[in-house]
Structure formats: structure tokens, C-alpha cells
Amino acid sequence: MTLLYDNQISAGDLSSHNVLCSFPEFDGERYTRLPINSLLRLKNKGISIQQRLAEIELARREFVGADLPYEIDISHHAIDRLSTRYMHKYLNDNDGQGIVCWLKEKVFTCLNENGANKSLNALDSSSVSYEGMQFMFKSHAKLSGRLVLVTVN
């Protein structure tokens with residue numbers, strides 16, 4: 007298995023497997039191991055090959071993103087609550103996705119359908135119902151432009 011940095015490959019027939027990221031923040035990490043937040047950041051701020059590889063990896067994970075004016079973070083508490091209350095939903099509804107990817111996709115879909123037109127301030131300390139789950143949001147305490155899913159009821 008040969009590992010290459012993204013800046014060492016041509017833009018021809020690309021695959022995100024066995025490719026290391028050269029973006030300073032993620033330097034040396036495989037694209038297949040980068041979290042969704044990192045891939046979304048590369049898609050927006052990386053050089054063209056990084057953007058393309060991030061898109062390929064997101065598509066490989068069958069991740070559906072949202073064009074929202076803010077970023078989404080998922081708290082550990084929300085994942086814990088999901089795993090105790092809605093594990094059956096996750097197990098029946100995913101096709102090999104990890105629980106965090108599945109939850110983030112649900113949140114994006116929920117906000118696209120129910121709250122994408124709302125501002126970050128309007129969603130701060132609010133809850134949105136989606137597919138029998140209640141998502142509760144807060145603005146990030148330290149980073150502007152971020153919404154955090156704090157819990158799932």
C-alpha cells in the first residue's frame with residue numbers, strides 16, 4: 007500500500023483512499039479518517055485538490071450536507087442520548103454509516119426542512135422535532151458562527 011500526499015497526485019481519476027492531507031491543520035491524516043467537520047472545512051478552504059478529495063470522501067460516506075450559514079457541531083452528550091434512546095432507529099436506518107455521521111446527516115436534513123431559513127440566533131436555545139426525535143440546539147459558547155446539537159430527546 008502506497009500512501010501519497012494530496013499535493014503529489016494528479017487531478018485525474020481520484021480516490022480518497024491512501025491519500026494523506028497536506029492542509030496544515032490536518033497534515034498527515036488520511037482523508038478516510040478525517041471527521042466530517044474537517045472534510046467540510048477542506049471543501050470550503052482547501053486548495054482545489056483538497057476540495058475535490060473532501061467532496062469524494064463525503065460522497066463515499068454518503069454524507070448529505072447542508073448549505074447553512076453556520077457550522078454544526080454535535081456534542082458528546084447528544085451522541086450518548088441518541089445511543090440510549092434511539093439506537094433502534096440508527097440500527098434500522100443506516101447503511102454502514104457511523105453513528106456520528108448518521109446523526110449529523112439527520113441534523114442537516116432536519117435544518118434544511120425545518121430551520122434553514124432561521125438565523126443562528128433564532129436557533130439558539132431552541133428545539134426542533136424531526137422523525138420522532140427532538141433536537142436541542144445552542145450557539146457555540148466560544149466560536150461564532152457555530153450551532154451545537156446539545157441533546158436529543
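Be aware that the sequence shown starts at 7, since it is given in this note's numbering, and climbs by one per residue.
By construction, the Cβ of each residue, glycine as well, lies at the ideal position given by its N, Cα and C atoms.
None of the values given here were measured: they were computed from a predicted structure.
Subject >> Whether residue 151 touches residue 31 by CB criterion (9 Å) >> reply: Locating residue 151 in the sequence shown gives position 145, where the first residue counts as 1. Locating residue 31 in the sequence shown gives position 25, where the first residue counts as 1. Taking the C-beta atoms as reference points, residue 31 is found no nearer than 9 Å to residue 151.
Original post:
When the distance is taken between beta carbons, is residue 156 closer than 9 Å to residue 81?
Top reply: Within the sequence shown, residue 81 is the residue found at index 75, counting from 1. Within the sequence shown, residue 156 is the residue found at index 150, counting from 1. In this structure, residue 81 lies near residue 156, with their beta-carbon atoms less than 9 Å apart.
Subject >> Span of the beta strand (DSSP E) around residue 136 >> reply: Looking up residue 136 in the sequence shown gives position 130. Counting along the chain, the beta strand (DSSP E) containing residue 136 begins and ends at 132-136.
Original post:
Which of the three DSSP states, helix, strand or coil, is assigned to residue 95?
Top reply: For this step, residue 95 is matched to residue 89 along the sequence shown. Three-state result, residue 95: helix.
Original post:
Between the C-alpha atoms of residue 9 and residue 36, what's the straight-line distance to the nearest angstrom?
Top reply: For the purposes of this step, residue 9 is identified with residue 3 of the sequence shown, where counting begins at 1. For the purposes of this step, residue 36 is identified with residue 30 of the sequence shown, where counting begins at 1. If I take the Cα positions, the gap works out to 9 Å.
Original post:
Can you tell me the Cα-Cα spacing of residue 131 and residue 143, whole angstroms?
Top reply: By 1-based counting over the sequence shown, the position of residue 131 is 125. By 1-based counting over the sequence shown, the position of residue 143 is 137. When rounded, the distance between both Cα atoms is 5 Å.
Original post:
Are the CB atoms of residue 46 and residue 22 nearer to each other than 9 Å?
Top reply: One-based indexing of the sequence shown puts residue 46 at position 40. One-based indexing of the sequence shown puts residue 22 at position 16. Cβ atoms of residue 46 and residue 22: not closer than 9 Å.
Subject >> Cβ-based neighbour list, residue 29, same chain, cut-off 7 Å, excluding 5 preceding and 5 following >> reply: In the sequence shown, counting from the first residue as 1, residue 29 sits at position 23. Cβ within range, chain order: 48, 52 and 56.
**OP:** In the DSSP assignment, find the unbroken alpha helix (DSSP H) run with residue 129 in it and report its ends.
**Re:** One-based indexing of the sequence shown puts residue 129 at position 123. Where residue 129 is concerned, the enclosing alpha helix (DSSP H) stretches over 126-129.
**OP:** Could you check the C-alpha separation between residue 91 and residue 140 for me, to the nearest Å?
**Re:** In the sequence shown, counting from the first residue as 1, residue 91 sits at position 85. In the sequence shown, counting from the first residue as 1, residue 140 sits at position 134. Near 11 Å, if we compare the C-alpha coordinates of residue 140 and residue 91.
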